[in-house]
Amino acid sequence: MGDAALGTRNEDGGAIERERMATLGVLAAGLAHELNNPAIAIGRSVDQLRESIAQVDPILRQVASHAWTEDELRFLARVGATTEAETEITAKLDVIDRADREDSLISWLEAHEVPSSPELAAALVDRGVTPAELAKLATGCSTEVVADAMAWLSRLTMIRQLLDDVSRSASRIGELVRAVKSHAYTDTARRSVDVHESLESSLTLMSYKLREARAKVVRDYDRALPRIETYGTELHQLWTNLLDNAADALANSNRGERIIRVRTRADGTGLSVEISDTGPGVPAELAAKIFQPHFTTKAAGKGTGLGLDIVTRVVAHHHGTVTCESDATGARFVIRLPLVQPSAAPDGAS
Ligand SMILES: Nc1ncnc2c1ncn2[C@@H]1O[C@H](COP(=O)(O)OP(=O)(O)OP(=O)(O)O)[C@@H](O)[C@H]1O
Ligand SMILES: [Mg+2]
């Protein structure tokens, strides 16, 4: 890529802005969808929370309807504490192990005349509570006390579960907003970034499109890579446009394997980022054309043929290279970039 393009790029701020808006355009469609899911989930959880809290009242009346001994009150408090924290162990439980634990909890709860025990058992398993632990806590308590305490625990656990769902959805929205913010930088100032952070925020914003393409993203990161110098959000434009193409390629593929591999490595004094897909690849006769502005094989409205042109310009601006290799296994785009950008020439031209 000649210096001519470079010159043009720096002088024509408009081109940068148009490209950035083009890339944001690619993201906007998916983003609206991505934001919609957690928003709906929060709405649903809040409705269920309202219900669960309404159900607490009669349980509290029941608990308060008879005198509790010191031991029984201690039991109630300890039972309530059993589902406080979500334990990592259960997250990794396999289906069979989970079912066994649920069954043994259900039989314990039924033996203690606790209603709706399957949901409670599932929630208790999620939080790593075992029948042995409950049995130990319930030692010396009457069946009535155990039943009341369990009814209380059931609502409490449900409320905790729903609060976890709300905070998960809220952090998902936060993640999306951060990713958008990192794309929305308007300045093109030079700065150093973690290449994996910029990849992850593009992957976050592209998650809807990648899911639509039923793509499995495989990350092969060299985490020891140092930070890299870039300008504004230009790196995001690279990853977003290459991921967009890979998702389109898989969407048109009827192959079983639907993988997008993102690989980072040190490369001489710089680094390389490879984005490859198991799609149909780029036909040999088109290889020379795909980087040309406005060249597209996609239907109108699906492709403007600008993605790889933006990639070429951004790479040139970073004094890097972009190559495309393609064969029967799919396409592979390799971006090689220096870690440090040459200091700006005294006349302001880079
Ligand atoms: N991963 C890929 N696999 C197969 N073909 C690809 C891949 N990436 C790009 N191409 C081919 O290169 C052409 C140009 O890609 P480019 O990103 O520049 O434009 P586009 O994707 O068609 O439209 P736009 O990116 O503007 O939405 C595509 O139309 C497609 O034919
Ligand atoms: Mg494209």
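The opening position of the sequence shown corresponds to residue 56 in the working numbering, with each subsequent residue numbered one higher.
Even for Gly, the Cβ is constructed at its ideal location relative to N, Cα and C.
Keep in mind that this is a model prediction, so the values were computed, not measured.
Quick one: is the Cβ of residue i within less than 8 angstroms of any heavy atom of ligand 2?
{"i": "Asp-299", "result": "yes"}
{"i": "Gly-334", "result": "no"}
{"i": "Gly-356", "result": "no"}
{"i": "Asp-303", "result": "yes"}
{"i": "Asn-296", "result": "yes"}
Name the two residues that bound the continuous alpha helix (DSSP H) containing residue i.
{"i": "Gly-362", "result": "362-372"}
Since residue i is in the beta strand (DSSP E), which residue starts that stretch and which ends it?
{"i": "Arg-320", "result": "314-322"}
{"i": "Ile-330", "result": "325-332"}
{"i": "Ser-398", "result": "Segment: none, Ser-398 is in no beta strand (DSSP E) and carries neither H nor E."}
{"i": "Thr-352", "result": "Where Thr-352 is concerned, there is no enclosing beta strand (DSSP E), given that its DSSP letter is neither H nor E."}
{"i": "Ser-381", "result": "376-382"}
Check whether the Cβ of residue i sits closer than 8 angstroms to any heavy atom of ligand 1, and report yes or no.
{"i": "Asp-382", "result": "no"}
{"i": "Asn-309", "result": "no"}
{"i": "Leu-361", "result": "yes"}
{"i": "Leu-341", "result": "yes"}
{"i": "Val-337", "result": "yes"}
{"i": "Lys-353", "result": "yes"}
{"i": "Ile-390", "result": "no"}
{"i": "Gly-385", "result": "yes"}
{"i": "Asp-112", "result": "no"}
{"i": "Asp-152", "result": "no"}
{"i": "Asp-364", "result": "yes"}
{"i": "Ile-314", "result": "no"}
Leaving out the 5 sequence neighbours to the left and right, which residues in its chain are closer than 7 angstroms to residue i when beta-carbon positions are compared?
{"i": "Tyr-263", "result": "Gly-85, His-88, Glu-89"}
{"i": "Asp-155", "result": "none"}
{"i": "Asp-249", "result": "Arg-282"}
{"i": "Leu-280", "result": "Val-250, Thr-319, Ala-321, Leu-326"}
So, at 6 angstroms on beta carbons, what are the nonlocal neighbours of residue i in its own chain, with the 5 sequence-adjacent residues on each side left out?
{"i": "His-349", "result": "Gly-360"}
{"i": "Ala-404", "result": "In this prediction, Ala-404 scores a pLDDT of 49, lower than 50, which makes its location untrustworthy; the coordinate-derived value is nonetheless stated afterwards. Excluding residues within five positions, none has a Cβ falling inside 6 angstroms."}
{"i": "Ser-100", "result": "Leu-217, Asp-220, Val-221"}
{"i": "Phe-346", "result": "Leu-363, Thr-367"}
{"i": "His-373", "result": "Leu-392"}
{"i": "Asp-58", "result": "Any reading at Asp-58 needs caution, since the residue's pLDDT is 42, under 50, leaving its predicted position unreliable; the model's value is listed next. Taken in chain order, the list of residues that qualify is empty."}
{"i": "Leu-341", "result": "none"}
{"i": "Ala-268", "result": "Ala-302, Leu-305, Ala-306"}
{"i": "Glu-380", "result": "Arg-387"}
What distance in whole Å lies between the Cβ atoms of residue j and residue i, which are believed to be in contact at a cut-off of 8 angstroms?
{"i": "Trp-294", "j": "Ser-257", "result": "4 angstroms"}
{"i": "Val-134", "j": "Leu-192", "result": "6 angstroms"}
{"i": "Ala-386", "j": "Val-337", "result": "5 angstroms"}
> Counting only runs that start and end within the segment 240-291, where is the alpha helix (DSSP H) found for 4 or more residues in a row?
Replying inline: 250-260, 262-267
>> So within the segment 165-211, which uninterrupted alpha helix (DSSP H) runs reach at least 4 residues, ignoring any that extend past its ends?
In response: The qualifying runs are 172-181, 186-193.
>> Extract the residue ranges of the alpha helix (DSSP H) inside the segment 100-142, only unbroken runs of 4 or more that lie entirely within it.
In response: 125-137
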